[in-house]
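For reference, the structure discussed in these notes is given below.
Rendered as structure tokens:
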């Protein structure tokens, strides 16, 4: 699984040897993180169709889906000349760089994309959190949020000076290659803007409550430090038999869902739960109590956590599609080309002492909670605009 | 490369998946939601949850599926951890079979609470997709059947501890060659179970037939499902038909068309046959007949895409987790065999697809229609 990368101000191309005989391209039009939700909406509604048209001319095109959101186009081709991919990226940039113009059709596309972006409680919570600004009410309504995001996107399109520069990223699967040896590359993880400590979103679509509890990934300088942090986080908060998982899914049995997603692009951990609305406060309390407890894991839970995190990373490298998605996440975040091979090795080799040393950093980051609660459709809608 | 062995009700297989970065251990019990007693619907799903509620001495990434005639329990881990995880799973199996009521009670109670929440997680997105649940209702012959729900009336703890009694069990490991893979005999020794009566295979049921209407708030869609003979050629043709459907743009009046088969790799016969289904989302205006206006003409046509579909299907790489499950389901049988189906795919021709079209045209089927509220 060798990989290398070439980039300039407008385009980035990452080449990955996957072992798959058929070449594939993942085409995306995106800027560097963090993605503002308004920019993301313009992308989904107006830029993505251009990427699709471009990709469909190259080969057999399919939507490129990541965590339920279409983020680009997956193109399978009969053959691929690596030298041409850089040129293809330039042509794709020509197609997407002109800022979309607002008109009636664009307005309808924005509304459709905004409606899709709150289709699930997970996407609604993400949109609300990323759109939140200091001073907004701590209780908002999904309908009002959508209207405000669409209005902000319209303003963005009507102000050419505020047009967002669009880059393109191509992740190319080239065929068999040799496994690169893992070293310990330096890392520059993004530090997320701090979300509101508490945000509640009313959703007429929801049946259960839905919780996202965010914590920044503590500052890490190398892949090995990241590996130690991931294992420390898993032992305390991760899915599959961490301390908190055992409480929430077994002893209290208050949420069918318990997960802790590592978002390397935004530089944060996001804990997820879906309790009944009546027990949501209890789940929040359990999470905060575990965080305040700051328990140091012993050797056995660390080994169990190591097994879980290693498995999760190895599974991301198992299929061509998930491997390219993993590389795409690293690519747009400016993370090294050998991140995944180095991380696999570091997760195997990092010592208990290193994991133990990472634990205080995991607990030092403050929690930010977004709670989606079911509401009747006729409930009053508060604006997401900051108070004057 | 696969090696397998069987002792009584327990089958075991080990397959090398050369390029897999991880290993998978799949445990399958030959008893699914269609085998639940009439007065005990949901028992198989409850067993799935109770399995995961029991401790595992070496925790893994794990998840389960309650299928038509099997509970499929997936566990994946780094390759060199297989020797640690296999005995831990064997120990968990022992706990499932022999737990005392005071150890079982909290696990069953927690599982029932999680299942109640699981039923509600799917409600917020009421978009009509592929009608698996509606097909399950048709197979069960019960319009109100919910494969996720558990009927707790009269539920006893020994319904769970005796869940495996008289049922076949299979455990399969799939992983890279470099990993310390056990032999099938090692697995049989680890997962030895007391001798029961002979393992039972699911009984056949009448063909899938009739018309089923599904109320939905959002989208209008239609689907058709068949139970076809469980032969290697039919499995291969069904798999190839799905590829042809996906390559062919939907005709006017349909927003999307999708084909599925519950036993795409030759395993997991349902009610003694291969369950094959097609579904479509309907656009505004007059909708074509999904089968007679689209599917059958596609399979009887010039099949210009056939060679490309066969090549793509043949090149399909199956991940270790799926491979372990396919091999385990093959072992509990009756099954046609995954490797035989892959061979039949390579040997298939356009005549295979035309024969398949005639089989679909002649076979009983069930039709499903989901109407949007305003057009009902």
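Residue numbers (the working numbering), protein chains in the order written: chain X, 1 to 388; chain Z, 1001 to 1376. Note that CB positions come from ideal geometry on N, CA and C, so glycine has one too.
Contact set between residue i and chain X, taken where Cβ atoms lie within less than 7 Å
{"i": "residue 1114/Z", "result": "249, 253, 256"}
{"i": "residue 1221/Z", "result": "Within chain X, no residue comes near residue 1221/Z; the closest Cβ sits about 17 Å away, beyond 7 Å."}
{"i": "residue 1319/Z", "result": "318, 319"}
{"i": "residue 1377/Z", "result": "The question about residue 1377/Z has no answer, for chain Z in this structure spans 1001 to 1376."}
Inter-residue Cα distance where the pair is residue i and residue j
{"i": "residue 133/X", "j": "residue 1184/Z", "result": "59 Å"}
{"i": "residue 237/X", "j": "residue 1054/Z", "result": "20 Å"}
{"i": "residue 1359/Z", "j": "residue 277/X", "result": "50 Å"}
{"i": "residue 1167/Z", "j": "residue 1010/Z", "result": "9 Å"}
{"i": "residue 1017/Z", "j": "residue 1314/Z", "result": "16 Å"}
{"i": "residue 1199/Z", "j": "residue 1275/Z", "result": "At residue 1199/Z the pLDDT is 42, less than 50, meaning the model places this residue with poor confidence; the figure from the coordinates comes in the next sentence. Those two C-alpha atoms are separated by around 23 Å."}
{"i": "residue 322/X", "j": "residue 156/X", "result": "33 Å"}
{"i": "residue 186/X", "j": "residue 1120/Z", "result": "44 Å"}
{"i": "residue 1128/Z", "j": "residue 197/X", "result": "Residue confidence for residue 1128/Z is low, a pLDDT of 49 falling below 50, so the modelled location carries little weight; the figure read from the coordinates is stated next. Roughly 36 Å between the two C-alpha positions."}
{"i": "residue 1370/Z", "j": "residue 1279/Z", "result": "11 Å"}
{"i": "residue 1191/Z", "j": "residue 68/X", "result": "38 Å"}
{"i": "residue 1328/Z", "j": "residue 1059/Z", "result": "21 Å"}
{"i": "residue 1105/Z", "j": "residue 1151/Z", "result": "16 Å"}
{"i": "residue 126/X", "j": "residue 37/X", "result": "9 Å"}
{"i": "residue 62/X", "j": "residue 1242/Z", "result": "16 Å"}
{"i": "residue 1436/Z", "j": "residue 348/X", "result": "Lying outside 1001 to 1376, the shown extent of chain Z, residue 1436/Z is not represented and no answer is given."}
{"i": "residue 14/X", "j": "residue 211/X", "result": "35 Å"}
{"i": "residue 220/X", "j": "residue 188/X", "result": "8 Å"}
{"i": "residue 118/X", "j": "residue 205/X", "result": "9 Å"}
{"i": "residue 145/X", "j": "residue 377/X", "result": "14 Å"}
{"i": "residue 1064/Z", "j": "residue 1169/Z", "result": "15 Å"}
{"i": "residue 293/X", "j": "residue 260/X", "result": "18 Å"}
{"i": "residue 1091/Z", "j": "residue 289/X", "result": "32 Å"}
{"i": "residue 1323/Z", "j": "residue 1246/Z", "result": "23 Å"}
{"i": "residue 350/X", "j": "residue 1044/Z", "result": "41 Å"}
Chain X residues whose Cβ lies nearer than 8 Å to that of residue i
{"i": "residue 1062/Z", "result": "240"}
{"i": "residue 1065/Z", "result": "By Cβ distance, chain X contributes nothing, its closest Cβ being about 15 Å from residue 1065/Z, past 8 Å."}
{"i": "residue 1053/Z", "result": "250"}
Proximal chain X residues relative to residue i, where beta-carbon distance stays under 9 Å
{"i": "residue 997/Z", "result": "This structure leaves residue 997/Z out entirely; chain Z is present only between 1001 and 1376."}
{"i": "residue 1110/Z", "result": "249, 250, 251, 252, 253"}
{"i": "residue 1117/Z", "result": "208, 253, 254, 255, 256, 257, 274, 275, 276"}
Proximal residues of chain Z, C-beta to C-beta of residue i below 7 Å
{"i": "residue 314/X", "result": "1021, 1022, 1078"}
{"i": "residue 311/X", "result": "1022, 1060, 1061, 1076, 1077, 1078"}
Beta carbon of residue i nearer than 8 Å to that of residue j
{"i": "residue 1012/Z", "j": "residue 1248/Z", "result": "no"}
{"i": "residue 139/X", "j": "residue 102/X", "result": "no"}
{"i": "residue 200/X", "j": "residue 373/X", "result": "yes"}
{"i": "residue 258/X", "j": "residue 235/X", "result": "no"}
{"i": "residue 333/X", "j": "residue 190/X", "result": "yes"}
{"i": "residue 275/X", "j": "residue 209/X", "result": "yes"}
{"i": "residue 26/X", "j": "residue 328/X", "result": "yes"}
{"i": "residue 1076/Z", "j": "residue 1022/Z", "result": "yes"}
{"i": "residue 1136/Z", "j": "residue 1041/Z", "result": "no"}
{"i": "residue 1277/Z", "j": "residue 1340/Z", "result": "no"}
{"i": "residue 75/X", "j": "residue 48/X", "result": "no"}
{"i": "residue 1306/Z", "j": "residue 1163/Z", "result": "no"}
{"i": "residue 1138/Z", "j": "residue 1236/Z", "result": "no"}
Proximal residues of chain Z, C-beta to C-beta of residue i below 8 Å
{"i": "residue 308/X", "result": "1059, 1060, 1061"}
{"i": "residue 304/X", "result": "1058, 1059"}
Identity of the residues DSSP links to residue i by a beta bridge
{"i": "residue 1254/Z", "result": "1282/Z"}
{"i": "residue 374/X", "result": "203/X"}
{"i": "residue 1172/Z", "result": "1013/Z, 1026/Z"}
{"i": "residue 271/X", "result": "213/X, 260/X"}
{"i": "residue 1064/Z", "result": "1073/Z"}
{"i": "residue 5/X", "result": "14/X"}
{"i": "residue 1002/Z", "result": "1015/Z"}
{"i": "residue 368/X", "result": "214/X"}
Closer than 9 Å at the beta carbon, the chain Z residues around residue i
{"i": "residue 21/X", "result": "1315"}
**Report entry** Uninterrupted beta strand (DSSP E) stretches inside the region 48-102 of chain X (no shorter than 3 residues)
**Finding:** 60-66, 69-76
Report task. Jot down the residue ranges of each uninterrupted alpha helix (DSSP H) in the region 1268-1337 of chain Z, minimum 4 residues, whole runs only, in chain order. Result -> If one requires a minimum length of 4 residues, the alpha helix (DSSP H) runs lying completely within the region 1268-1337 of chain Z are 1296-1300, 1306-1314, 1320-1332, in chain order.
Query raised in the report: Which runs of the alpha helix (DSSP H) fall wholly inside the region 271-297 of chain X and span at least 4 residues, in chain order?
Result: Uninterrupted alpha helix (DSSP H) stretches at least 4 residues long and entirely within the region 271-297 of chain X occur at 280-293, given in chain order.
Query raised in the report: Which ranges does the alpha helix (DSSP H) cover as unbroken runs of at least 4 residues, wholly within the region 1032-1061 of chain Z, from first to last along the chain?
Result: 1043-1053
Query raised in the report: Which residue spans inside the region 123-170 of chain X form an unbroken beta strand (DSSP E) run of at least 3?
Result: 139-141
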